[in-house]
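Colleague:
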Amino acid sequence: MVRVTNAVAANRRRKRILKRAKGFWGDRKNHLRITKEAVMRAMAYNYAHRKLRKRDFRKLWITRISVAAKINGVSYSKLIHGLKKAGCDLNRKILADMAIRDPEAFAVIATKAKAALV
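Each residue of the sequence shown is one higher than the one before, counting from 961 in my numbering.
What follows is the structure in structure tokens.
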């Protein structure tokens, strides 16, 4: 009787793992056992860093807004509080972009926030 190897499924499985390891360095790209571990670790880091990226960008936006707010004579927390009171629904991403690309418009928003606090 002929030995059954399940070759189609096994080759597909190997191919899928090796395809995910494209660009890996050394034995991590072409030795199956090492590649499996490397791909699993890479996928775990990938998942975690997708979450961290959101935190990192929010931190960056807050830093940019804070510097621009101080240039306009108001602290970051007072600016955000004033914007909430004024009913301005701009998020931090947009505010940070304005602070970098259009400082004059950011200054107008900062004055509105200051006026809402008084």
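No residue lacks a Cβ here, since even glycine has one placed at the ideal position from N, Cα and C.
Under a Cβ-count criterion, where at least 16 other Cβ atoms within 10 Å of its own Cβ denotes burial, should M1058 be classed as buried or exposed?
Modeller: Position 98 of the sequence shown, counting from 1, holds the residue named residue 1058. The residue in question, M1058, is buried, as its Cβ has 16 or more Cβ neighbours within 10 Å.
Colleague: Specify the secondary structure class of V968 as computed by DSSP and reduced to three states.
Modeller: The residue you call residue 968 lines up with position 8 of the sequence shown. It is helical.
Colleague: Say yes only if the C-beta of A969 is nearer than 7 Å to one or more non-hydrogen atoms of the ligand SAM, and no if none qualify.
Modeller: Ligands are entirely absent from the displayed structure, and the ligand SAM is therefore not among its contents.
Colleague: Compute the distance between the beta-carbons of A1073 and L1043, then report whether it is under 8 Å.
Modeller: The count along the sequence shown starts at 1 and reaches residue 1073 at position 113. The count along the sequence shown starts at 1 and reaches residue 1043 at position 83. Against a cut-off of 8 Å, the Cβ pair of L1043 and A1073 comes out as a contact.
Colleague: Residue range of the alpha helix (DSSP H) that M1058 falls in?
Modeller: As a first step, residue 1058 is located in the sequence shown; it is residue number 98 there, counting from the start. Following the DSSP letters along the chain, one finds M1058 inside the alpha helix (DSSP H) bounded by residues R1052 to R1061.
Colleague: Which full runs of the alpha helix (DSSP H) of 4+ residues lie inside the region 989-1058, going along the chain?
Modeller: Runs of the alpha helix (DSSP H) inside the region 989-1058: 992-1031 and 1036-1046.
Colleague: On a Cα-Cα basis, can you pick out the residue from N971, R973 and K996 that is closest to A981?
Modeller: The count along the sequence shown starts at 1 and reaches residue 981 at position 21. The shortest Cα separation from A981 among N971, R973 and K996 belongs to K996.
Colleague: For W1021, which residues of its own chain have a beta-carbon under 8 Å away from its beta-carbon, when the five flanking residues on both sides are left out?
Modeller: Position 61 of the sequence shown holds residue 1021. Counting only Cβ-Cβ distances below 8 Å, and skipping sequence neighbours, we find R1052, K1053, L1055 and A1056.
Colleague: Rounded to whole angstroms, how far is the Cβ of L992 from the Cβ of R974, which I believe are closer than 8 Å?
Modeller: Start at 1 with the first residue of the sequence shown, and residue 992 comes out as number 32. Start at 1 with the first residue of the sequence shown, and residue 974 comes out as number 14. Going by Cβ atoms, the distance from L992 to R974 rounds to 6 Å, so yes, they are a contact pair.
Colleague: Buried or exposed: which applies to V999, given that a residue is buried once 16 or more other Cβ atoms fall within 10 Å of its Cβ?
Modeller: Mapped onto the sequence shown, residue 999 falls at position 39. By the 10 Å Cβ count, V999 comes out buried.
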